[in-house]
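> Note that the working numbering has the sequence shown beginning at 310, numbered continuously upward.
By construction, the Cβ of each residue, glycine as well, lies at the ideal position given by its N, Cα and C atoms.
Let me begin by handing over the structure; questions about it come next.
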Amino acid sequence: VALNDLWEYALVTRAWTQVVSAGGSAPSPRDGHSLIPLGNRLVVFGGSDVRVFNLLNSALHCFDLQRRRWSDLAVGGEHPAVRSSHAAIPCGGGVLIF
């Protein structure tokens with residue numbers, strides 16, 4: 310089951326809490342995506358949109374951890390092909406995917 314919810318685990322209390330978004334455009338439910346931490350933001354890349362069978366995408370979404378708000382990230386120029394089940398890491402203020 311693919312969802313588009315975000316959860317936070319607190320080491321001190323050893324408890325999970327669902328993160329409530331203050332707004333913005335959250336990514337659609339998906340699987341096979343990557344979630345990359347970049348400073349105070351989480352970047353979601355790619356994956357498969359489960360609402361439409363096998364619809365892969367290369368969209369970038371960002372969750373601001375301080376403002377608790379989603380946004381879409383604009384991409385200009387060349388970009389990677391659509392993909393799912395890939396690897397991604399933070400690198401020099403950006404993201405590397407394979």
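On the DSSP bridge list, what partners appear for S367?
In DSSP, S367 forms no bridge with anything.
> In the structure shown, what three-state DSSP assignment does D314 receive?
Look at D314 here: in three-state DSSP terms it is coil, with no helix or strand label.
> Are there 16 or more other CB atoms within 10 angstroms of the CB of I398, so buried, or fewer, so exposed?
exposed
> Indicate whether the contact test is met: 3 or more Cβ pairs, each with one atom in the region 317–325 and one in the region 357–369, closer than 8 angstroms.
no
> Would V384 and C371 be called neighbours here (beta carbons separated by less than 9 angstroms)?
no
> What runs of the beta strand (DSSP E), each 3 residues or longer, lie entirely inside the region 332–388?
Taking 3 residues as the minimum length, the beta strand (DSSP E) runs contained wholly in the region 332–388 are 343–347, 350–354, 369–373, 378–381, in order along the chain.
> If we count the other Cβ atoms within 10 Å of its Cβ and call it buried at 16 or more, is S394 buried or exposed?
exposed
> Below 7 angstroms CB to CB, which residues in the same chain sit around S337 once its five sequence neighbours on both sides are set aside?
N313, D358, R360
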